[in-house]
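Trainee:
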Amino acid sequence: MLKIIIGSFVLASSIFAVDLQNDGVEVKYKNSKDEVKEIVIKREKPQECLSVNFDPKVVYGGIHQAADSVKADCKRAFVTYMGKIAPIKFSDNVETFGEVEVLDFIEKAKNDKTMLLVDSRTENWFYHETIPSAINVPYVYLKQSQYPDEFEEYLEILGVKKVDGKYNFTNAKTLLMFCNGAWCGQSPESMKYLTDIGYPESKLKWYRGGMQSWLSLGLTTLKP
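In this text, residue positions in the sequence shown follow our numbering: the first is 2, and each later residue adds one.
1) Span of the beta strand (DSSP E) holding D35?
2) Quick check on T171: buried or exposed, where buried means 16 or more other Cβ atoms within 10 Å of its Cβ?
3) So the candidates are D35, I42 and K163; which of them puts its Cα closest to the Cα of V26?
4) Would a C-beta distance cut-off of 9 Å place Y155 and K162 closer than the cut-off?
5) Tell whether a beta-carbon distance below 9 Å holds between Y148 and V138.
6) Is I136 helix, strand or coil when you go by DSSP?
7) If you count every other CB in all the chains shown that lies within 10 Å of the CB of G219, and 16 or more means buried, which is it?
8) Given this structure, state the Cα-to-Cα distance separating E36 from V28, to the nearest angstrom.
9) By Cβ distance, which residues of its chain are closer than 8 Å to M2, with the 5 residues on each side in sequence left out?
10) Assuming M178 contacts L143 under a Cβ cut-off of 8 Å, what Cβ separation, rounded to an integer in Å, is found between them?
11) Would you tell me roughly how many angstroms separate the C-alpha atoms of C75 and K46, rounded to the nearest one?
12) Does the Cβ-Cβ distance between W215 and I132 come in under 9 Å?
13) Determine the DSSP secondary structure at I7, reduced to helix, strand or coil.
14) Take S146 as the anchor and find which of D197, G182, L176 and A173 has the nearest alpha-carbon.
15) Return the residue from the list D69, L21, N94 and G211 that minimises the CA-CA distance to L118.
16) Can you give me the start and stop residues for the beta strand (DSSP E) that L177 sits inside?
17) Where DSSP assigns a beta bridge to M83, which residues make up the other side?
18) I need the straight-line Cα distance from D150 to L195, nearest angstrom please.
19) In angstroms with no decimal places, state the Cα-to-Cα distance between I89 and G182.
20) Looking only at its own chain, which residues have a Cβ that is under 8 Å from the Cβ of T57, when we skip the five neighbours before and after it?
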């Protein structure tokens, strides 16, 4: 059994540029032989695996395992070293949901058309596998400057109207957004693009765990 020595840790990164998930936190502990050891807690990113193609057919190969083309040492249910781990909150005004809250949202949305479960991933991920009842609003199409036509089309789906050149959010839907996991930036980007134009944060919810957490708990998925 490991026994952490409380208080005897130091940050492995500079106080001027703290990035704990990559630089790490150094701690001391006592092992089963009562020996004091040191270890750095950080996100492991094996160099030999960084070339794995991040694609649904690769990541979801087999039964949610990496495809046969991925070397054994790199096989994971997901490519766990992708992206950057997000904080638990997007903002103080956007609720972060867990799986029980997602299920409750889906149940309520059956009789409330103002509630939408939104898969923020690109189409190739959505059509490979998603959470039942989710609609696809790819984060890339919420980049107004790059995709102005698609942007307006998706805003209409979300209940936003343009009146006299300004966006009206009176009938904006309550959105529960998700993507691939706590390290996936697609749903946070979607929320940022929406809040930048005034979408009320009170109408945004975030399932931070996304598909990785959903699958890890054996919850139902489908191929649209």
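Note that CB positions come from ideal geometry on N, CA and C, so glycine has one too.
Mentor: Reading off the structure:
1) Within the sequence shown, the letter at position 34 stands for residue 35. It is not in any beta strand (DSSP E) - D35 carries neither H nor E in the DSSP assignment.
2) In the sequence shown, residue 171 corresponds to position 170, counting from 1. Flag for T171 reads exposed.
3) By one-based count along the sequence shown, residue 26 stands at place 25. Looking at the Cα atoms, I42 is the closest of the given residues.
4) Position 154 of the sequence shown, counted from the first residue, corresponds to residue 155. Position 161 of the sequence shown, counted from the first residue, corresponds to residue 162. The answer is no: Cβ separation not under 9 Å.
5) By one-based count along the sequence shown, residue 148 stands at place 147. By one-based count along the sequence shown, residue 138 stands at place 137. Against a cut-off of 9 Å, the Cβ pair of V138 and Y148 comes out as no contact.
6) As a position in the sequence shown, residue 136 is number 135, starting the count at 1. If DSSP states are grouped into helix, strand and coil, I136 belongs with the strands.
7) For this step, residue 219 is matched to residue 218 along the sequence shown. Exposed, by the Cβ-count rule.
8) Translated into the one-based positions of the sequence shown, residue 36 becomes position 35. Translated into the one-based positions of the sequence shown, residue 28 becomes position 27. If you draw a straight line from the Cα of E36 to the Cα of V28, it comes to about 14 Å.
9) Locating residue 2 in the sequence shown gives position 1, where the first residue counts as 1. Model confidence at M2 stands at a pLDDT of 43, short of 50, so the residue's coordinates are unreliable; what they give is reported in the following sentence. So the list reads S33, once near-sequence residues are dropped.
10) By one-based count along the sequence shown, residue 178 stands at place 177. By one-based count along the sequence shown, residue 143 stands at place 142. The Cβ separation is near 10 Å, so there is no contact.
11) The residue labelled residue 75 in the question sits at position 74 within the sequence shown. The residue labelled residue 46 in the question sits at position 45 within the sequence shown. Answer to the nearest angstrom: the Cα atoms are 10 Å apart.
12) Indexing the sequence shown from 1 puts residue 215 at position 214. Indexing the sequence shown from 1 puts residue 132 at position 131. Contact: yes.
13) Walking along the sequence shown from the start, residue 7 turns up at place 6. Any reading at I7 must be qualified, since the residue scores a pLDDT of 34, below 50, and its modelled position is unreliable; no value is offered.
14) Here residue 146 refers to the residue found at position 145 of the sequence shown. Considering only alpha carbons, the answer is D197.
15) For the purposes of this step, residue 118 is identified with residue 117 of the sequence shown, where counting begins at 1. Comparing Cα-Cα distances from L118 to each of D69, L21, N94 and G211, the minimum goes to G211.
16) Within the sequence shown, numbered from 1, the residue matching residue 177 stands at position 176. T175 to F179 is the span of the beta strand (DSSP E), which, as asked, contains L177.
17) Counted from its first residue, the sequence shown places residue 83 at position 82. Under the DSSP definition of a beta bridge, M83 lacks any partner.
18) Here residue 150 corresponds to residue number 149 of the sequence shown, with the count starting at 1. Here residue 195 corresponds to residue number 194 of the sequence shown, with the count starting at 1. The straight-line gap from Cα to Cα measures roughly 15 Å.
19) Taking the first residue of the sequence shown as position 1, residue 89 is located at position 88. Taking the first residue of the sequence shown as position 1, residue 182 is located at position 181. Roughly 12 Å between the two C-alpha positions.
20) Here residue 57 is taken as the residue at index 56 of the sequence shown, counted from 1. Residue identity check: residue 57 is Pro in the sequence provided, not Thr. Contacts found: N125, W126, H129 and E130.
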